[in-house]
Amino acid sequence: MTKNEHDAIQAAFENAERIDPIPMGDPPAESKATAGSKKPRKAKLQHMSSRYDGIPVVRNENGVPIWCTGTAVEILRHLPEWQGVLYRDEFSGCDMLARPIPGSEDSDDFQPRAIQDLDVTQAQVWFHHNGFSKASIRAVADALEAVAFENRVDPLKDWLLGLTWDGQPRLSAWLTIYLGVEESEYSAEVGKRWAISAVARVFEPGCKADCCLILEGRQGGGKSSALRVLAGAEYFADALPDLAHKDAKLSLRGKWIFELSELAALNRSSLETAKAFISRREEKYRRPYGRKDVTEPRRCVFAGTTNEDSYLRDTTGNRRFWPVRVGPINIDALSRDREQLWAEAVHAYRAGERWWLDTKFNKIAAMEQAERVADDP
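Going by full-length UniProt numbering, the first residue of the sequence shown is number 1, and it counts up by one from there.
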């Protein structure tokens, strides 16, 4: 460092504003402004305490609510502005918002949806603005989950229970009427049993329903559209990852009918993996951001689509596949009668009808399956 640089730095320090240290000893006398500031804080605490009167929040020795997960849960349970906001969708396994988070700026056309990270942050901000500046994101998230779980609904089950069958039989003939399948005892049987199995998975999660309806027909012929109409867009999916991948388990959540599109997922996997996947009755996995593994019984059934004639690769493991050849598909008629088809399926299920093939039809199905076995390359 040159002498000129040293002198410049020294001059800067000498000319800088000096801040005198606070003297040690007795603190200065409290100013009127400082003394007055305690009154608004006391009033604020009294207001917060009265705001939560009648709510069993956790309180300190002075009766003032203190922040903890228990306090958050009680506020979400009892405060009027939080009523009807949170619920658990039992079918999808998701915690949901029925209405916007109080104080958020969600639009007037809000539609029920799964809780997102931003919603948790908005709930935390609400607590900050309502007397709990120490509200932590983890405690808020835990409280939202706990209260949502207390308000469980199963929208798909409720929808099925709300249907009224008009008494006109369609279930045994739906594959022929709407999908153009040639009329036969076999097509009538597999169409009916598969539909009942779908209802059974709603009412008996994880029940044995390990058979897969296979729709054969030209590509672009409407097979996928028909399955989507049957399930409803919300409960339909056709993008299944590789069966050996953990994402295959997660992809089934909240879906009722899962299409094995052009049998791609089965073709990518070994036969044993495919058999095990279709036959599985529950899924064990850890949810994204979850802290522990969960086990959920399956709520879905499978339907495959293909434009090939020979696609089965084994002569011993094909009992799970119920193949039919589709013809012209009438999407409009299927959309029109969809509710009546499911109403009849619910009626059949509640009457105790089975959703599997008996010995007679297992033999017929075996002949149909044998016709689709591919020759060894």
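Yeah, the Cβ is synthetic: ideal placement off N, Cα and C, and Gly gets one too.
Whole-Å CB distance - T305 paired with L215, under 8 Å assumed
Cβ-Cβ separation between T305 and L215: approximately 5 Å, consistent with a contact (criterion under 8 Å).
With contact counted as at least three CB pairs below 8 Å, one residue from each stretch, are the stretch 192-205 and the stretch 122-135 in contact?
As far as the Cβ criterion goes, the stretch 192-205 does not touch the stretch 122-135, which means the pair count is below three.
Can you find the residues in the same chain that come closer than 7 Å, C-beta to C-beta, to D337, ignoring five residues on each side of it along the sequence?
Sequence-distant Cβ neighbours of D337 in its own chain, meaning closer than 7 Å and more than five residues away, are R170.
In terms of alpha-carbon separation, which member of E339, N318, W356 and E353 lies closest to M367?
With distances taken between Cα atoms, M367 lies closest to N318.
Continuous alpha helix (DSSP H) stretch holding G70: start and end:
Start and end: T69 to H78.
With a floor of 4 residues, list each alpha helix (DSSP H) that falls wholly inside the stretch 256-286, ordered by position along the chain.
Here the runs fully enclosed are 264-268 and 271-279.
Considering only DSSP beta bridges, list what I214 is partnered with.
I214 has G304 and P323 as its beta-bridge partners, per DSSP.
On the DSSP bridge assignment, give the partners of D242 in chain order.
Note: D242 sits in no beta bridge, so no partner.
With distance defined between alpha-carbon atoms, name the residue in D242, K249, G222 and E339 nearest to N307.
Residue G222 is the option with its Cα nearest to N307.
Helix or strand or just coil, what does DSSP make of A365?
Three-state DSSP puts A365 in a helix.
What separation, rounded to the nearest whole angstrom, lies between the Cα atoms of T121 and D109?
Taking the straight line joining both Cα atoms gives about 21 Å.
With Y178 as the anchor, note down where its alpha helix (DSSP H) starts and where it stops.
Unbroken alpha helix (DSSP H) run through Y178: W174 to L179.
Looking only at its chain, what residues have a beta carbon closer than 6 Å to the beta carbon of K249, apart from the 5 residues adjacent to it on each side?
Within the same chain, and ignoring the five residues on either side of K249 in sequence, the residues whose Cβ sits closer than 6 Å to its Cβ are E283 and Y285.
Quick one: give me the first and last residue of the alpha helix (DSSP H) that V202 is part of.
Per DSSP, the continuous alpha helix (DSSP H) segment holding V202 begins and ends at E185 to F203.
Excluding sequence positions up to five away, which residues of its chain have a Cβ less than 8 Å from the Cβ of residue 419?
The structure shown has nothing for residue 419, since the chain only spans 1 to 377.
Alpha carbon of V58 to alpha carbon of K134, nearest angstrom
Taking the straight line joining both Cα atoms gives about 14 Å.
Per DSSP, what kind of secondary structure is residue 378 in: helix, strand or coil?
The displayed coordinates of the chain run from 1 to 377. Any statement about residue 378 would go beyond what the structure contains.
Could you check the C-alpha separation between R99 and Q83 for me, to the nearest Å?
Approximately 9 Å, taken between the alpha carbons.
Can you name, in chain order, every residue of its own chain whose Cβ lies under 6 Å from the Cβ of I364, other than the five neighbours on each side?
Within the same chain, I364 has close Cβ partners Y186.
Relative to the C-alpha of D166, which residue among W342, Q219, F132 and H78 is closest?
Nearest C-alpha to D166 among W342, Q219, F132 and H78: W342.
Determine which residues share a DSSP beta bridge with A169 and list them.
Residue 169 is actually Pro in this sequence, not Ala. Paired residues: none, contrary to the question.
Looking only at its own chain, which residues have a Cβ that is under 7 Å from the Cβ of I257, when we skip the five neighbours before and after it?
Beyond the five residues adjoining it in sequence on each side, I257 comes within less than 7 Å, by CB distance, of A198, L227, L230, A231, Y235, F236, C300, V301 and A303 in the same chain, given in chain order.
Does the distance from the CB of R253 to the CB of S104 come in under 7 Å?
Taking C-beta atoms as the reference points, R253 and S104 fail to come closer than 7 Å.
Quick check: G180 and P328, are their CB atoms within less than 7 Å of each other?
Yes.
Would DSSP call E105 helix, strand or coil?
Coil at E105, not helix or strand.
Classify V324 as buried or exposed, calling it buried when 16 or more other Cβ atoms lie within 10 Å of its own Cβ.
V324 is buried by the Cβ-count criterion.
Rounded separation between A209 and E90 - CA only
Computed Cα separation, rounded: 19 Å.
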